[in-house]
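Structure, as structure tokens:
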Amino acid sequence: MMEKADICELSFREVLTKYQKSSTNVKPSDVAKDVLGVLKASGMEVRIYDNNQNLLGFAENGIIVYNGTPKIFKGNISNALKGNYSYTVTNKSLIYFAIPIQNNFYENAYVFEIVENISYFYDIMDKIRYILIIGAGGFIILITLSSLFIAHKTTKPIKYLLGATKKFSKQQFEQVSLKRKDELGMLADGLNQMGIKLNNYIQYQKQFVSNVSHELKTPLAAIRGFSQYLYDGEDNDTELKKIYYHLLNESDRLTMLINELLILSKLDKATPELNIKQEDLSELTNRVIQDMKPKAEKRDISMESHLNNGVLANVNEILILHAISNILENAIKYSNPGGHIIIETSKTNNSAVIKISDQGIGIHKNDLSLVQERFYRASNSGATKGSGLGLSLCREIVEKLNGQLIIESEIGVGTKVSIQLPLA
Ligand SMILES: Nc1ncnc2c1ncn2[C@@H]1O[C@H](COP(=O)(O)OP(=O)(O)O)[C@@H](O)[C@H]1O
Ligand SMILES: [Mg+2]
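Numbering (our numbering), first residue to last: 515 to 938.
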């Protein structure tokens with residue numbers, strides 16, 4: 515538009531120069547007529563005004579129009595008369611571009627106005643806007659998809675590795691592999707190596723405990739037998755009798771420990787060899803109570819039982835008897851003389867429950883989870899004999915049978931231990 519304005523201005527001034535040369539009295543309407551003759555086709559419409567904003571003449575589509583009163587944007591013209599290019603755009607996409615024309619006294623004597631339809635310009639702008647919106651939308655979608663893809667590509671293997679470490683902590687070892695050569699792949703390989711070594715070590719340790727326990731079982735039985743024999747046969751020397759008693763006691767303790775270790779190694783091996791049958795837990799519990807009676811009486815502890823009918827569960831008889839014995843034995847061991855123990859069996863929802871409550875010394879809350887670990891004995895155990903294996907064995911037995919062991923306790927008040935098994 516500016517280029518066109520420059521050309522038109524030049525042509526207009528050429529006509530003006532001709533007039534100024536030929537005569538002294540210049541008639542603006544003649545100038546306008548001549549200029550229109552030259553520039554009539556330089557726009558969709560062209561108009562010429564004098565310095566009083568009067569329309570001197572105009573042409574439409576290259577044809578000079580002699581009579582007509584087109585719409586004039588006065589502001590546009592007065593602006594141009596100040597010596598500036600001026601334009602107005604109507605809402606019909608028409609641009610009125612006004613060019614000031616100076617005479618040889620450098621006065622703004624005329625205004626040449628070009629009217630053009632610039633709807634094509636708006637069409638192009640619309641197209642550009644449309645392309646930009648589509649482009650931006652596409653870009654956002656692309657960025658979102660690629661971030662999701664990257665996040666998925668990195669979080670998935672991390673989740674996988676996290677799952678593997680969780681399984682490792684439960685001693686479930688399996689091959690870890692990510693089939694990629696970056697740092698995550700290397701981490702997976704490292705984890706895999708660690709799993710293999712840890713598994714080998716644990717298996718070796720279990721095998722060692724199992725072998726040693728088996729090896730010790732027979733000589734220990736002989737030692738216990740001979741100690742009993744010596745103790746029973748010694749009637750004269752009280753000192754010697756004391757020593758034999760001590761021997762007998764210690765070999766009893768060792769026998770218990772070996773038995774527990776053997777059960778432990780049996781539990782560590784695969785489950786299928788466990789002989790599981792439906793059993794009446796009340797009947798089994800009663801058997802344990804009868805077995806333990808002498809021990810309780812010896813410590814002046816009374817036992818009260820509430821054994822219900824139909825408390826059935828699928829269990830291995832030897833293992834569950836061992837677990838109940840352990841809990842009842844603990845209740846007796848850690849009760850004060852004259853104490854009272856309540857033994858109950860019941861059915862709740864889908865569980866068969868054995869609950870043994872004592873009014874003994876209790877377990878500190880910090881020790882509650884630790885007493886279920888192998889070989890852990892809390893400070894309250896003091897001089898009482900034990901290996902610290904009992905409760906850990908109970909927990910492992912109960913969990914192998916898909917149940918759970920629950921221990922509640924308060925120092926000085928007592929302890930409640932429950933075995934919950936799925937009801938058969
Ligand atoms: N009924 C109980 N009352 C108080 N403390 C208990 C009771 N049962 C277990 N404990 C505590 O838990 C520890 C672990 O028990 P357990 O594994 O059976 O080992 P042990 O009886 O051989 O010491 C015991 O040493 C004792 O400190
Ligand atoms: Mg015990």
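A virtual CB, placed ideally from N, CA and C, is assigned to each residue, including glycine.
Query raised in the report: Which residues mark the beginning and the end of the alpha helix (DSSP H) in which residue 878 is found?
Result: Careful: residue 878 lies outside any alpha helix (DSSP H) and carries neither H nor E.
Requested in this report: Scan the region 827-888 and note each continuous alpha helix (DSSP H) run of 4 residues or more that stays entirely inside, going in chain order.
Outcome: Entirely contained in the region 827-888, the alpha helix (DSSP H) runs reaching 4 residues are, in chain order, 831-847.
Query raised in the report: Any heavy atom of ligand 2 closer than 7 Å to the CB of residue 876?
Result: No, the beta carbon of residue 876 sits no closer than 7 Å to any heavy atom of ligand 2.
**Report entry** Identified DSSP bridge partners for residue 571
**Finding:** Beta-bridge pairing by DSSP links residue 571 to 562.
**Report entry** Straight-line Cα distance separating residue 599 from residue 568
**Finding:** Roughly 18 Å between the two C-alpha positions.
Query raised in the report: If you run the structure through DSSP and keep just helix, strand and coil, what is residue 622?
Result: Note: residue 622 maps to strand in three-state DSSP.
Requested in this report: Over the uninterrupted beta strand (DSSP E) stretch that includes residue 922, give me the two end residues.
Outcome: Looking at the DSSP string, the run of the beta strand (DSSP E) that includes residue 922 is 918-924.
Report task. For residue 859, count neighbouring C-beta atoms within 10 Å of its own C-beta (all shown protein chains included) and say buried if the count is 16 or more, exposed if not. Result -> Counting of Cβ neighbours within 10 angstroms places residue 859 among the buried residues, the total reaching 16 or more.
Query - Euclidean distance between Cα positions of residue 559 and residue 606 - result: One alpha carbon belongs to residue 559, the other to residue 606, and they sit about 15 Å apart.
Query - Of the listed residues 533, 557, 549 and 716, nearest to residue 515 (C-alpha basis) - result: Taking only the C-alpha atoms, the option nearest residue 515 is 557.
Query - Closest by C-alpha distance to residue 628, when choosing among 657, 882, 562 and 795 - result: Here the closest residue by C-alpha is 562.
Requested in this report: With hydrogens ignored, establish whether the beta-carbon of residue 895 is closer than 7 Å to any heavy atom of ligand 1.
Outcome: Flag set: Cβ of residue 895 near ligand 1.
Query raised in the report: According to the Cβ coordinates, are residue 819 and residue 846 closer than 8 Å?
Result: Taking C-beta atoms as the reference points, residue 819 and residue 846 fail to come closer than 8 Å.
Query raised in the report: Alpha carbon to alpha carbon, how far is residue 616 from residue 624?
Result: CA-to-CA, the gap between residue 616 and residue 624 works out to about 7 Å.
Report task. Name the one or two DSSP bridge partners that residue 581 has. Result -> For residue 581, no pairing in a beta bridge is given by DSSP.
Report task. Give the DSSP-derived three-state secondary structure of residue 816 in the structure shown. Result -> Of the three classes helix, strand and coil, the one that applies to residue 816 here is strand, per DSSP.
Query raised in the report: Roughly how many angstroms lie between the CA atoms of residue 883 and residue 909, to the nearest whole one?
Result: Put simply, the backbone Cα of residue 883 is about 11 Å away from that of residue 909.
Query raised in the report: If you run the structure through DSSP and keep just helix, strand and coil, what is residue 610?
Result: Three-state result, residue 610: strand.
Query - Residues of its chain near residue 578, where Cβ-Cβ distance is below 6 Å and the 5 sequence neighbours each way are ignored - result: Non-local beta-carbon contacts of residue 578 in its own chain, meaning distances under 6 Å to residues more than five positions away in sequence, involve 550 and 554 in chain order.
Requested in this report: Could you please go through the chain and list the residues whose beta-carbon is closer than 7 Å to any non-hydrogen atom of ligand 2?
Outcome: With the cut-off at 7 Å, the residues found are 840, 843, 844, 847, 900, 904 and 905.
Query raised in the report: Closer than 7 Å: is that where the CB of residue 929 sits relative to any heavy atom of ligand 1?
Result: It does: the Cβ of residue 929 is within 7 Å (strictly closer) of some heavy atom of ligand 1.
Query raised in the report: Going by other Cβ atoms of all chains shown within 10 Å of its Cβ, with 16 needed for buried, is residue 686 buried or exposed?
Result: With fewer than 16 Cβ atoms within 10 Å of its Cβ, residue 686 is classed as exposed.
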